[in-house]
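*Asks:*
There are 2 protein chains.
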Amino acid sequence: MALIVQKFGGTSVGTVDRIREVAKRVKESREAGHQLVVVLSAMGKTTDALVQLAKEISEHPDERDMDMLVSTGEQVSIALLAMALQQEGCEAIPLTGWQAGIVTDSVHGEARIKQIETQRIRRHLAQGKIVIIAGFQGMDEQGAITTLGRGGSDTSAVALAASLGAQLCEIYTDVAGVFTADPRLVPTAQKLSAISYQDMLDLAELGAGVLHPRSVETARSHGVHVVVRSSFSNEEGTNVGRDVPAPGITGIAHGEHVAIVTLKGEGIRSRTPVLSSLLQDAGIPVSAFVHGSSFLSFPLAKNQLQKVAALLRENREQLGYRELEEEGGFTMVSVVGVSRHSAAKVLKEIMGRMKLLHIPIRWVHQSERRLSFAIRGNKAETAIRTLHRELGLDGREELAAF
Amino acid sequence: MALIVQKFGGTSVGTVDRIREVAKRVKESREAGHQLVVVLSAMGKTTDALVQLAKEISEHPDERDMDMLVSTGEQVSIALLAMALQQEGCEAIPLTGWQAGIVTDSVHGEARIKQIETQRIRRHLAQGKIVIIAGFQGMDEQGAITTLGRGGSDTSAVALAASLGAQLCEIYTDVAGVFTADPRLVPTAQKLSAISYQDMLDLAELGAGVLHPRSVETARSHGVHVVVRSSFSNEEGTNVGRDVPAPGITGIAHGEHVAIVTLKGEGIRSRTPVLSSLLQDAGIPVSAFVHGSSFLSFPLAKNQLQKVAALLRENREQLGYRELEEEGGFTMVSVVGVSRHSAAKVLKEIMGRMKLLHIPIRWVHQSERRLSFAIRGNKAETAIRTLHRELGLDGREELAAF
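Here the protein sequences line up with chains A and B, keeping their order.
Using full-length UniProt numbering, you'd call the opening residue of the first sequence number 1 and step up by one each time.
Using full-length UniProt numbering, you'd call the opening residue of the second sequence number 1 and step up by one each time.
#1: Are the beta-carbon atoms of G135 (chain B) and I116 (chain B) separated by less than 9 Å?
#2: Could you name the residues of the same chain whose beta carbon sits closer than 6 Å to that of G328 (chain B), not counting the 5 residues immediately before and after it, in chain order?
#3: What is the DSSP secondary structure of E59 (chain A), reduced to helix, strand or coil?
#4: In whole angstroms, what separates the C-alpha of T331 (chain A) from that of I384 (chain A)?
#5: What residues from the segment 90 to 101 of chain B come within 7 Å of chain A, judged by C-beta to C-beta, listed N to C?
#6: So what's V227 (chain A) in DSSP terms, helix, strand or just coil?
#7: If the criterion is Cβ atoms closer than 9 Å, does the pair R20 (chain A) and A84 (chain A) meet it?
#8: Can you find a CB in chain B that lies within less than 9 Å of the CB of L399 (chain A)?
#9: Around the Cβ of G283 (chain A), are there at least 16 other Cβ atoms within 10 angstroms (buried) or fewer (exposed)?
#10: Any beta carbon from chain D within less than 9 Å of S12 (chain A)'s own beta carbon?
#11: I need the boundaries of the alpha helix (DSSP H) containing E390 (chain B), first residue and last residue.
#12: Name, please, each residue of chain A whose Cβ falls closer than 7 Å to the Cβ of R353 (chain B).
#13: Return no unless some Cβ of chain B is closer than 9 Å to the Cβ of K24 (chain A).
#14: Less than 8 Å between C-beta atoms, sequence neighbours within five positions excluded: which residues of the same chain meet that for G44 (chain B)?
#15: Going by the CB atoms, is the gap between V274 (chain B) and Q318 (chain B) shorter than 9 Å?
#16: Would you mind giving the Cβ-Cβ distance between V226 (chain B) and V158 (chain B), rounded to the nearest angstrom? I have them listed as a contact below 8 Å.
#17: Tell me the DSSP bridge mates of E323 (chain A)?
#18: Span of the alpha helix (DSSP H) holding K355 (chain A)?
#19: Let's test the definition: count the other Cβ atoms within 10 Å of the Cβ of N234 (chain A) and tell me whether it reaches 16, buried, or not, exposed.
#20: Please confirm if the segment 88 to 104 of chain A is in contact with the segment 133 to 150 of chain A, defined as three or more CB-CB distances below 8 Å between the two stretches.
#21: What's the call for H124 (chain B), buried or exposed, on a 16-neighbour Cβ count within 10 Å?
#22: Taking I57 (chain B) as the query, report the chain A residues whose CB atoms sit under 8 Å from its CB, ordered along the chain.
#23: Can you check the segment 253 to 305 of chain B for any beta strand (DSSP E) of at least 3 residues that lies completely inside it and give the ranges in chain order?
#24: Return the CA-CA distance between F402 (chain B) and D281 (chain B), expressed in angstroms with no decimal places.
#25: Using the C-alpha atoms, what's the distance from V335 (chain B) back to V70 (chain A)?
#26: Which of the three DSSP states is assigned to A32 (chain B) in this structure?
#27: Looking at C-alpha atoms only, which residue of B:P94, B:I4, B:G352 is the closest neighbour of L387 (chain B)?
#28: Confirm, please, whether the CB-CB distance from L36 (chain A) to Q6 (chain A) is below 9 Å.
#29: DSSP has V131 (chain B) in a bridge; who is on the other side?
#30: Count the other C-beta atoms from every protein chain shown that fall within 10 angstroms of the C-beta of H341 (chain A), then say buried if there are 16 or more, exposed otherwise.
#31: Taking Cβ positions only, does A144 (chain A) come closer than 9 Å to chain B?
#32: Decide if E205 (chain B) is buried, meaning its Cβ has at least 16 other Cβ atoms within 10 Å, or exposed.
#33: For G255 (chain A), does the count of other Cβ atoms within 10 angstroms reach 16, so buried, or fall short, so exposed?
#34: Counting only runs of 4+ residues fully inside the segment 187 to 244 of chain B, write out the alpha helix (DSSP H) ranges in chain order.
#35: Using the three-state DSSP reduction, which class does K114 (chain A) fall into: helix, strand or coil?
#36: For T367 (chain B), does the three-state DSSP call read helix, strand or coil?
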């Protein structure tokens, strides 16, 4: 008998019918003899609808009040799944974040889990119950309801698996696992049977939406065995773990709506640490800077551009730049799993292919095991499909080429 | 500076615009220098919608899970009002039932408040904040979310006023106060400026929906000064309190969809205590029995008829009746505030008037300060309007007649 944490996302519990399907799946695992903790997101677009309601009242509602509001979404899901499970003849108990003992810091809207007081969960498990827990939410030490930010239910699930010492943390989602590229964009994308924490983290940070980066960090630091799989099929998913041999290139991630900011001026390169800490303090950590002797450029999510541009103008003197250039409309394409010795070869391949396709590369950045470059958004599909093929990801047998 | 509890019902917070109106009203009281605790119901039909969602999953969902589900309704209201108040420049803190320290027993769906641990509320009040509390809900001693049943927000408000020693508990609703009859039915109904706890309790129990009986009981036992008033106007409301001189007849209440159950058989009268305790044990307390030498009859809400009929059949031997008669479709009309010495005169007036109107009276019951009688539902409007006029309630000056 294993203890398994199963997490179902918003699409998986999007309707009453889907909640019934989740109940059936949970029941199967139960009948296979496992102890189960089930973590749920809010139903489908519930969170967005609640946010919309708030916006009608206030343009900038207090984050504390937002947490009070949106945390109702998961509370509805867990109550309904509990009913569906009782209907299936399974004894289940729904617990909100605070009832489950999920203690966070007080950063409303982006809280981090500090600890999980698992006594209540363990007591119910010992009584043979399936414990259903509201993801995405917790309580701070003053008793205020907090939320972990978007994607936070993944983090709840992994943190619960870590605290409970679960053998497995299954993340059920609307895709069948982690792919070598976004299958909606690249029809030849291959599902990975396994991926290392580091490569998963890279993919997650670089735009692959399947897991939230914070959840991957939590999994890595506690060695939680995560499986990403579909809630709509019985297909085997992708194992995320420590001892995964590097398979050469792991995949291609991409992030849309990227802007590139460039500061120009003599000696600007030396101001990188100042700029980096300015951005950090503003809550916008940037790790990838590209610089020449008289320029310094970095990518940003487009929706952060306005805030950053204002920040840079305010600190013009301190940063000592002559000119500020902002340009939007890019997609950042990242190749993940590039080993040190093959990096030059992969980069050459990318440059050559983009040239053949007449796709200008605006910005390139190389770091440990990954290569990122920015191209115009409308060229992304062609570029990614071509690279996916040429880097040997369409069929794994060609992988040895790199 | 007074401490005031203000409660706003579902209609008063039914839309974002109405929530804004409530915020303005609360702000006015704040600017008048009062400390404020604001208790809210769920927005409009939210609770019904959540119940509907549950019914799609399970015909008889667990009450514990229902409480988890429907308690989200008030949580949404309090979050939105907090935002609206911040928008108005008022500092406010929303608290769920459990955060507000409302401790109940564990009877899910119909919980009773055992105590209120007011430290957290008092701390926020001392910091100058308006404290917004989710009505209708609490937490039991095991940390499970409970609800108080329909109308429970009134009870939350009155219990909070009692625990906090508030000077006033204002119940804002969609009518301007307590009337001598339902103004939707009787256009000449008069608003009462004051009413005693006992008469209010009678009206509430006998069908006047303006206050929940349990909240009136709580107000009476703690001497809470309650005012019922409109959330849509500045009209003065109705004061509910201890030292209200009995004004003669207070008003006419009516309850629709009433069934009359009659047991026939020799000596059946002597079985009243047995019957009474059977019904009590089944959670259907009946206080008004009418009996003759060979019959025993009592009224019921129509939706309880099936359950009670089954119970009576099961216990036929013990009850020793020969025949069981059930008849639905009645409206119970009750005249409240009938003094002992005028009871006979009022009853005679009722009987006479109904006879003139050709409205058969099916069942009559007289008790301390009230007279109730059942008539066919389709005759109720005519009967109540006529009695309202003839008993002098259309204009208070004629009141002295009784």
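All C-beta atoms, glycine included, are put in the ideal place defined by N, C-alpha and C.
In this text, all values refer to a predicted model and were calculated from it rather than measured experimentally.
*Replies:* Taking the coordinates as given:
#1: no
#2: A259, K302
#3: coil
#4: 10 Å
#5: P94, Q99
#6: strand
#7: yes
#8: Confidence is the limiting factor: at L399 (chain A) the pLDDT is only 38, short of 50, which leaves the residue's position unreliable, though a coordinate-based value still follows. It does not; no Cβ of chain B falls within 9 Å.
#9: exposed
#10: Among the protein chains of the structure shown, namely A and B, there is no chain D.
#11: 380 to 390
#12: Result: empty, since nearest Cβ-Cβ is about 51 Å, beyond 7 Å.
#13: no
#14: G10, T11, V13, G14, T15
#15: yes
#16: 7 Å
#17: A:K264
#18: 343 to 356
#19: exposed
#20: yes
#21: buried
#22: V16, I19, R20, L80, M83, A84, Q87
#23: 295 to 301
#24: Its pLDDT being 36, under 50, F402 (chain B) is placed unreliably in this model, and the value from its coordinates should be taken loosely. Each residue's alpha carbon lies about 40 Å from the other.
#25: 47 Å
#26: coil
#27: B:G352
#28: yes
#29: B:V37, B:I93
#30: exposed
#31: yes
#32: buried
#33: buried
#34: 197 to 205, 213 to 222
#35: strand
#36: According to the sequence displayed, residue 367 (chain B) carries Ser and not Thr. The answer is strand: DSSP assigns S367 (chain B) an E or B state.
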